[in-house]
Amino acid sequence: MLVPFIQNKNVISLLVFSIIAGLAAEGILTVNAQFLVALCFAFFIIFAYLNVKDVVVSELNDRASQIQKEFEDAFRLKEEVLKTIVSYYRKQLHLTEEITSIYQFSKEQIHLIISSRRKALESKLMQEIGTKLETVLMKEKALYSSMQTEAVNYIVAQILNASQEDLLRLDKECVREAIEIIKGVSSK
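Following the numbering used here, the numbering of the sequence shown begins with 1 at its first residue and continues without gaps.
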């Protein structure tokens, strides 16, 4: 039990200081005042070193671990920033590719829409032209029929005027039948 007590550095330094102080007080150890002050200062430094060393080492170790943690946090933060920058760069590249593909798709769709609209326009124009041509043809047939009817009526009138004397001799019934046949042919 005495051995651990003697192995304690604080106890040993206190004993040595007490012995020197006792010897100096009894006059056994005679030293001048300056030497005694230097000796006390040396003992103070040794005592402070032995007692404060652990606290200073503990504080320095704590500070070192805190600095280590800050470095690790800074390194981790730097890695995250780099990962984020790489991610944004990849997204930017993909965005450029997507914009290009959307542009190509839009361009193709616009060409398809334009061609389908062009075909629809051509079809509608052809249909309208066909309708107008049919209308013109019907009007032309009506005009032709009207002209033919007028020509027949004119010819019949001229024949009737020219041959009124001959008509008297002919049977009125035959002439009427002929006129109806001519009118029937002209209406077809």
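Note that beta-carbon positions come from the ideal geometry of N, C-alpha and C, so glycine has one too. Nothing here was measured: the structure is a model prediction, and the numbers come from that model.
### Query
Can you check whether the CB of L39 is closer than 7 Å to the CB of V13?
Here the question's residue 13 lines up with position 13 in the sequence shown. Here the question's residue 39 lines up with position 39 in the sequence shown. Here residue 13 turns out to be Ser, not Val, going by the sequence shown. Going by C-beta atoms, S13 is not nearer than 7 Å to L39.
### Task
Output the distance between the C-alpha atoms of I155 and Q127, rounded to the nearest integer angstrom.
Translated into the one-based positions of the sequence shown, residue 155 becomes position 155. Translated into the one-based positions of the sequence shown, residue 127 becomes position 127. Using only the alpha carbons, I get a separation of about 41 Å.
### Sub-7 Å separation of I182 and V152 beta-carbons
Reading the sequence shown from its first residue, position 182 is the one you call residue 182. Reading the sequence shown from its first residue, position 152 is the one you call residue 152. Yes; because the gap between Cβ atoms is below 7 Å, this pair is in contact.
### Task
Answer yes or no: do F43 and F71 have a C-beta to C-beta separation smaller than 7 Å?
For this step, residue 43 is matched to residue 43 along the sequence shown. For this step, residue 71 is matched to residue 71 along the sequence shown. No, they are not a contact pair.
### Task
Please go through the same chain and pick out, in chain order, the residues whose beta-carbon is closer than 6 Å to the beta-carbon of G130, but skip the five residues on each side of it.
Translated into the one-based positions of the sequence shown, residue 130 becomes position 130. Closer than 6 Å at the Cβ level, and outside the excluded window around G130, lies no residue.
### Query
How long is the line joining the alpha carbons of S145 and I113, rounded to whole angstroms?
Taking the first residue of the sequence shown as 1, we reach residue 145 at position 145. Taking the first residue of the sequence shown as 1, we reach residue 113 at position 113. So the alpha carbons of these two residues sit roughly 47 Å apart.
### Query
Which of helix, strand or coil does DSSP assign to N32?
Along the sequence shown, read from residue 1 onward, the residue named residue 32 stands at position 32. In this structure, N32 counts as coil in the three-state DSSP scheme.
### Message
Please tell me whether Q127 has its Cβ less than 7 Å away from any Cβ of chain B.
### Response
In the structure shown, chain B does not exist; there is a single protein chain.
### Task
With DSSP as the reference, label N153 as helix, strand or coil.
Looking up residue 153 in the sequence shown gives position 153. Helix, per DSSP.
### Query
How many angstroms separate the CA atom of E80 from the CA atom of H94?
As a first step, residue 80 must be located in the sequence shown, where it is residue number 80. As a first step, residue 94 must be located in the sequence shown, where it is residue number 94. Cα to Cα, E80 sits roughly 21 Å from H94.
### Task
Can you check the stretch 18 to 98 for any alpha helix (DSSP H) of at least 4 residues that lies completely inside it and give the ranges in chain order?
none
### Message
For K107 and K91, I'd like the C-alpha separation in whole angstroms.
### Response
Within the sequence shown, residue 107 is the residue found at index 107, counting from 1. Within the sequence shown, residue 91 is the residue found at index 91, counting from 1. Straight-line Cα distance between these residues: approximately 23 Å.
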